[in-house]
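A.B. asks:
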Amino acid sequence: MPNERLRTALLENGITPADLATSLKVDPKSVERWISGRTPYRRHRYAVAARLGVDEVYLWPDALSPDQVANASESEIISIYPHRWTVPSDLWRNVFASAEEEIGVLVYSGLFVSEDAGIQKIFREKAEAGARVRILLGDPDSDVVAQRGADEGVDDVQAAKIRNALVMYRPLRDIEGIEFRLHRTVLYNSIYRGDDQVLVNTHIYSFTAAQAPVLHLRRAAGGGMVTTYLESFEHVWDQATPLE
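Using the UniProt record's numbering, read the sequence shown as starting at 1 and increasing by one per residue.
#1: Below 8 angstroms, how does it come out for the region 72-82 and the region 96-114: are there three or more Cβ pairs, yes or no?
#2: Please name the residue or residues paired with LEU199 in a DSSP beta bridge.
#3: Going by C-alpha distance, which of LEU187, TYR205 and GLU100 is nearest ALA150?
#4: Please go through the region 56-121 and give each complete beta strand (DSSP E) segment of 3 or more residues, from N-terminal end onward.
#5: Roughly how many angstroms separate the alpha carbons of VAL107 and GLY138, rounded to a whole number?
#6: Evaluate ILE43 with the Cβ neighbour count: other Cβ atoms within 10 Å of its Cβ, from every protein chain shown; 16 or more gives buried, anything less gives exposed.
#7: With a Cβ-Cβ cutoff of 8 angstroms, do ILE103 and VAL133 count as a contact?
#8: Tell me the DSSP secondary structure of ILE204 in three-state form.
#9: Assign LEU243 to one of three DSSP states: helix, strand, or coil.
#10: Cα separation between ALA210 and LEU10?
#11: Could you give the residue range of the alpha helix (DSSP H) that holds GLY149?
#12: Is the beta carbon of ALA127 less than 8 angstroms from the beta carbon of GLY177?
#13: Skipping 5 residues on each side, what residues in its chain have a beta carbon closer than 7 angstroms to that of VAL145?
#14: Beta strand (DSSP E) containing VAL133: first to last residue?
#15: Where ARG33 and ARG219 are concerned, what is the direct C-alpha to C-alpha distance, given to the nearest angstrom?
#16: Using 10 angstroms around the beta-carbon of MET225, count the other beta-carbons present and answer buried if the total reaches 16, otherwise exposed.
#17: Thinking C-alpha only, which one of ILE122, TYR81 and HIS83 is nearest GLU100?
#18: Using C-beta distances below 7 angstroms, list every residue in its chain close to VAL95, excluding the 5 sequence neighbours before and after it, in chain order.
#19: Provide the residue span of the alpha helix (DSSP H) that contains ILE162, from first to last.
#20: Distance check for ARG5 and ASP19, CA to CA, integer angstroms please.
#21: Please work out which residues of its chain come closer than 7 angstroms, Cβ to Cβ, to TRP237, disregarding the five sequence neighbours upstream and downstream, and give them in chain order.
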């Protein structure tokens, strides 16, 4: 079967099969065969993924053995924190400040981020430098937010926190490059992205997000964890409603 992910990645990057062949110093027919469905050698898979800025596993999910994927994914784990409140405060800013292309926040409220003037300054500066900044908040009027409030034992406080976050973000709302959307998705994790670095705050029934663990991840060649979380972000983004 044709490799539609490879074809799409080429189109999105404005790279022709001939361009890719020249970059990798291979026969253009080889690239055409890869697009048609043939799996290239590992060195070529890695080179293609690096050239297109995507993960090798995303382009060829069946190419690696389970052990290879497991080992590569393990290398993506930088740190694990038992509670969000134990994450060093500088780490949140450093993850966002390190980004050059993409910053993403997927939360219900993430009020602690919106209240941080330093992080807001980073969002503004990154957007002005050409990065894409996307912030997804829960729809305060949605059933999923009400349910999450009930699950945490805070009831209407959850929706109130989202409304507070919207107020705090008001200075960023009209800045080109910063986009806001409201979602009605059941979240199993909150996701904070700075390019290939991701902080994943797990959600645990009856505990607030601040009490739940956080994974600090960085994308690694052959790993699948970061790619999975970022694909989840995109699914929520595509279904969310732009904030007006």
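Ideal Cβ placement from N, Cα and C applies to all residues, glycine included. Bear in mind the structure is a predicted one, so any value in this text is a computation, not a measurement.
C.D. replies: The answer reads as follows:
#1: no
#2: TYR192 and HIS216
#3: TYR205
#4: 77-81 and 102-106
#5: 7 angstroms
#6: One detail in the question is off: residue 43 reads as Arg in this sequence, not Ile. Exposed, by the Cβ-count rule.
#7: yes
#8: coil
#9: coil
#10: ALA210 and LEU10 have their alpha carbons spaced roughly 40 angstroms apart.
#11: 143-152
#12: yes
#13: TYR108, GLY138, ASP139, GLN158, ALA159 and ILE162
#14: Its beta strand (DSSP E) spans residues 132-138.
#15: Spanning the two alpha carbons is a distance of roughly 27 angstroms.
#16: buried
#17: ILE122
#18: Closer than 7 angstroms at Cβ, skipping near neighbours: TYR192, GLY194, GLN197 and LEU199.
#19: 157-168
#20: 17 angstroms
#21: Cβ within range, chain order: ARG134, LEU136 and ARG181.
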